[in-house]
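Numbering-wise, the sequence shown is residues -24 to -1, 1 to 726 according to mature numbering (1 follows the signal peptide of the UniProt record, and there is no 0). Please read the structure below before turning to the comments.
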Amino acid sequence: MISTMDCTAMWTVLMCVFLMLCDSLCLESEPGAPLRSGVLDLPWKDELCCDSPPAYIGAGGSGRIPPETNRSEVNLPHPLRCTFRSLAAEPEHLKPPVGACLDILCRIDETWENVTCDLESGGGPPIRGQQLLLNNDTVEANSTSHNLLVCDAEDSLMCSFHLDSARSFVLMVTVSISGAAAPPVLLRIPERPEKPGPPVNLSHIQTIEAGVVLSWDEPLDSSTDPLRYQVRYSSSTNQYWQVASAHKEPRLPVDLEPMVSYIFQVRCAGVAEPPLWSDWSESYHIFLDTLSYIPEKVVARAGDNVTVYCVFNDHRINASMARWILNHTQELDGSLYHPVNQWVSQITVRASETGIYDLLKCTKEWSYPYSQIFVEGGFIDIKCVTNGDIDAMDCRWKTEEWTKLQFQYKWADVPCEVMEEKDGAGEDIGETGPACIQVRSFRDQQKSCTIQPLRMNCYKLWLEVSSHQGPVRSKPIYLSPMDYVQPHSPTNVRAVTQVGGVLRVTWKPPYLPAEGLQCQFRYHSLSVIEKWKVQSSVRVPGDEVMVPDMCQVYVVQVRCMHINGTGYWSDWTESVNSTTQNSRTPDRGPDFWRIRDDDHQSNLSNITLLFKSLPVSANSYCVDGFIVQHQTWNGSVLRKQIHLVSSYSFEWNQELQIVTVEAYNNLGSSSNNINMTLEKTPKRNLSLSLSLVVINTLSLSLSLSLSLSRSVPNSLSLSLSLSLSLSTEDLLSLSLSLSLSLSLEHSASL
C-alpha cells in the first residue's frame, strides 16, 4: 500500500509510460483521461499546472510499489485537475488552472541509450518531495508486461529508462499528481539512427580579409546526408570548452588572437531530431603567429606570376609597413606590392627560372614565418665529371641553405637525343638508379652525389624537393658520361733544355679514354716570379718551345683531356724542374777575389771569395756550380762542390794555401782556372782618395786616386756606398745608395 496523503508536506506524482510500436492502431489511456491529440516529437517540453497544491502521498513509501497493489488504489479519484499550459483552444472547463506548476521535459540522451523525463518546480509553493511513477508497458506480439517504478527526489525529479529496441515506437506518458491526472501525451521515439563517425582532416585557412576559417571533411563512413556540426575549442588563455554550431557546411569562421594556442574538435549528427552525435574528432591545433601568408605554400611553373598575401595578425602593425624580402637577403622593389586593406599586403612576383624553391617574407625579421614558392621546371646547373677510370661519375650542384634537394637520375641505353625526345612526349623511358649518398662541401657551398657503377649512353638527371602537392622537379639534364671525362694526370714528366735554347718536355699519357687524348704543358723560369706560359695542346706525348736561356731552370707541368675536346682537362701534374743537356764542359773557371778578415788572437782568418759572373756560353753549355779546391803546402787537397753562387766563405789557418775555383756541369769541370795563393804576409800600406760629383739627376762623376808605397797589387776590391740628398727649385729631394765593386787585373801599366 502507498502511504497516506499529507496535503501540506508532499506531492505525489504518478507518471505512466506506455511504449508501443508505431504500427499499433490502438492506444489505450487511463479511464477518464482524454488522449492529447497528435503525436509529438522529442524533445518535448511543457508546463504541468494544477488548480491548487495537491495532496501528496507520504514520503515513507518510496521505491517499487508492491505487485499486489491495484492500480486503482494509486490513481484515486481526485476533484482537482491538472493540465498542460501548451494546450491551445481548450474548452473553458479545461483551461489551465491557476496554482502550482511543474516543468516537464522528456528527451533522448545524446547516446540514444535512455529516454529521460524531468519534472522541476516551475513556480508556486515550494516542493519538498516528489514521486514519479513510471509504467513501462511494452506492447509486442500481443503480450504485455507491467513494471511500475517510483522515483523519489527533493525539489526536482528525473526518471529514465533504457531503450532496448532500435525500432521506432510511440511513447504515451500519463502524469497524475495526488490523483489528478493530466491528459495523456503521445511522444514519437524515432528509429535509432546510425551513429556517424567523427569528422576528419581538420584544417584552417586565412582569408585576404584577415579572417580565419576552420574546415573539415565529412566522416568517411557517413551515410547521412546532410549533416550538422558542432565545434568546440579552448585556448591557452581560456581552458574551458566553448561550443559553436555549423549547419550543413563543413566550415566555420573563427575569431582568433595572435600568439595564442587553440585546440579545436568537431562532431557531427544528422539533421533529424533528436540528434545522435558522433564522437569528437581528433584535436586540431592552431597557433597564429604575428604574421601569416596566403598561401603559405604554392607550386608554380618557372616564369609564372605568383601572388602572395601577408596578413598582419597583430593589428598594431599596419600593412603599409610591409617590406618584402626574397630568400632572406634580396629586398624587392616597392612597385611589386601594395596594401589590400589595413592588415593585408599583396605582392606579385615571377617564379624563378634558375631554381625550384624560393622564400618570400614581408618583413626583414628572421624570426617571422615565410611563404614558400615551389617552382616546377626551374633550371639548376648540375655539373658532372666522369673519373679517369670511367667507372664513376660525380655530379655537383649549388646548395640552398633553406631547403633540402634530392638528387634523382634515370639511365637509358639510347642516345641522349632519343631519350629526351621520348621523355618529352610523355613516354616512361629509362631505369631509375639507386639512391646515392649526398656529400656537402662547406668550402664551396656545393653538394655532390656519385653514380657508381657507371653505365654508358644516356643519363637523365634532376633535383627535386618535397612539397604539399608532391615532389617538385627541376628541369632535367640529359648527358652521356663519355662527354664529361676528366682523365688522370699524365706521368713520367721530363723537361730538358737543349743546345740552341730549346725546352723539350715529354710525358706518358693515361690509358683512358681509349679514343685518345690531347695534352699541353706550361712553364715558367724558376728564378723569376712570373705567370705561367701555356703551350697549345698536342696529340703526341711530347712538345718543345724556344727559351731565351738554356742555362735557366724551368718549372714545368702537364695536363690532358679527351682527344675530341669534350669533358675536362685533367689536373696539372706535380711541378718538374728542367735539366740541361750540355754539349761540353765549361771552358774556364770564374774570376774571383777575396776579402780577408784576420783574428790576431786566434791566428785564424775568415776568407770570403767573391765570384765574377761567367760569360754567356752562346747556348752550348751551362755551369751548374763551382768546385773550390784547397791545396796546402804539404800537398793535401780538399775539394768542395758548391752551387752557382756569388760568394763563398771559409776559415783559413794562415798557413800557405793555394785556392782554385772550377766551373762544372753534368759533363765535367773546367780545366782553365784561376789560382789564388794565401800566405801570412802583412798588409801593404796604401792611400786612397775618392771624389763624387752629381752632374744631374741621371749622371754622377766618380774620381779615384790610389797611392802605393811599394809593389803593385795583383787585384783591388772597392766597395762604395753613397747616400746623397739634393734640393733645388727644379729637383725633388733625391736619395741615392750605390754599391760598386771593382777588380783590377795585374798589368804592366798598373
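Idealized CB from N, CA, C, for every residue including glycine.
query, result
"Gly601 - containing beta strand (DSSP E), residue span", "601 to 608"
"The segment 289 to 307 contacting the segment 201 to 212, beta-carbon criterion three pairs below 8 Å", "no"
"Whole beta strand (DSSP E) elements within the segment 133 to 212, 3-residue minimum", "145 to 153, 161 to 165, 176 to 182, 188 to 193, 203 to 211"
"Beta strand (DSSP E) runs contained entirely in the segment 242 to 311, provided each spans 3 or more residues", "260 to 263, 267 to 270, 273 to 277, 281 to 288"
"Contact the segment 526 to 540 vs the segment 440 to 455: 3+ CB pairs below 8 Å", "no"
"For Asp334, the three-state DSSP class (helix, strand or coil)", "strand"
"DSSP three-state assignment for Pro447, whether helix, strand or coil", "strand"
"Under the three-state DSSP convention, the category Tyr624 falls into", "strand"
"Spatial neighbours of Ser254 in its chain, beta-carbon cut-off 7 Å, leaving aside the 5 residues before and after", "Lys171, Pro172, Gly173, Pro174, Pro195, Arg243, Cys244, Ala245"
"Simplified DSSP state of Lys398, which is helix, strand or coil", "helix"
"Residue nearest to Gln306 in terms of C-alpha spacing, selected from Pro517, Val274, Lys340, Ala490", "Lys340"
"Helix, strand or coil at Met432 according to DSSP, with G and I counted as helix", "coil"
"Cβ neighbour criterion (16 or more within 10 Å) applied to Ser144", "exposed"
"Presumed contact (8 Å Cβ cut-off) between Leu18 and Ile84, rounded CB distance", "6 Å"
"Extent of the continuous beta strand (DSSP E) run through Met522", "518 to 522"
"Endpoints, the beta strand (DSSP E) within which Phe60 is located", "58 to 60"
"Glu440 in three-state terms, based on DSSP", "strand"
"Backbone secondary structure at Pro466 - three-state DSSP", "coil"
"Three-state secondary structure (DSSP) of Tyr216", "coil"
"Nearest residue (CA-CA) to Lys616, options Phe602, Thr608, Ile650", "Phe602"
"Cα-Cα separation, Ser321 to Leu264", "17 Å"
"Boundaries of the beta strand (DSSP E) in which Cys598 is found, first to last residue", "Cys598 -> no beta strand (DSSP E), and no H or E assigned at all."
"Beta-carbon proximity check, Leu312 vs Thr330, cutoff 8 Å", "no"
"Secondary structure of Tyr460, DSSP reduced to three states", "helix"
"Pairwise C-alpha distance: Cys360 and Thr542", "13 Å"
"Ser136 CB to nearest heavy atom of the ligand GTP below 7 Å", "The ligand content of the structure shown is nil, which means the ligand GTP is not present either."
"Length of the line joining the Cα atoms of Asp113 and Asp197", "Unreliable placement is indicated for Asp113, whose pLDDT of 45 sits below 50; the coordinate value is still reported in the next sentence. Taking the straight line joining both Cα atoms gives about 36 Å."
"Rounded straight-line distance, which links the Cα of Leu78 to that of Pro345", "60 Å"
"Burial state of Lys588 (16 or more Cβ within 10 Å)", "exposed"
"Exposure label - Met235; buried when at least 16 CB within 10 Å", "exposed"
"Cβ neighbour criterion (16 or more within 10 Å) applied to Tyr487", "exposed"
"Close Cβ partners of Trp545 (< 6 Å) along its chain, the five nearest in sequence each way excluded", "Arg535, Met537"
"The segment 522 to 531 touching the segment 496 to 514, judged by at least three CB pairs closer than 8 Å", "yes"
"When Ala220, Gln496, Asn553 are compared against Ser465, the one with the closest alpha-carbon", "Gln496"
"Run of the beta strand (DSSP E) containing Arg227, from where it starts to where it stops", "227 to 230"
"Neighbour-count burial assignment, Phe350, 16 or more Cβ in a 10 Å radius", "buried"
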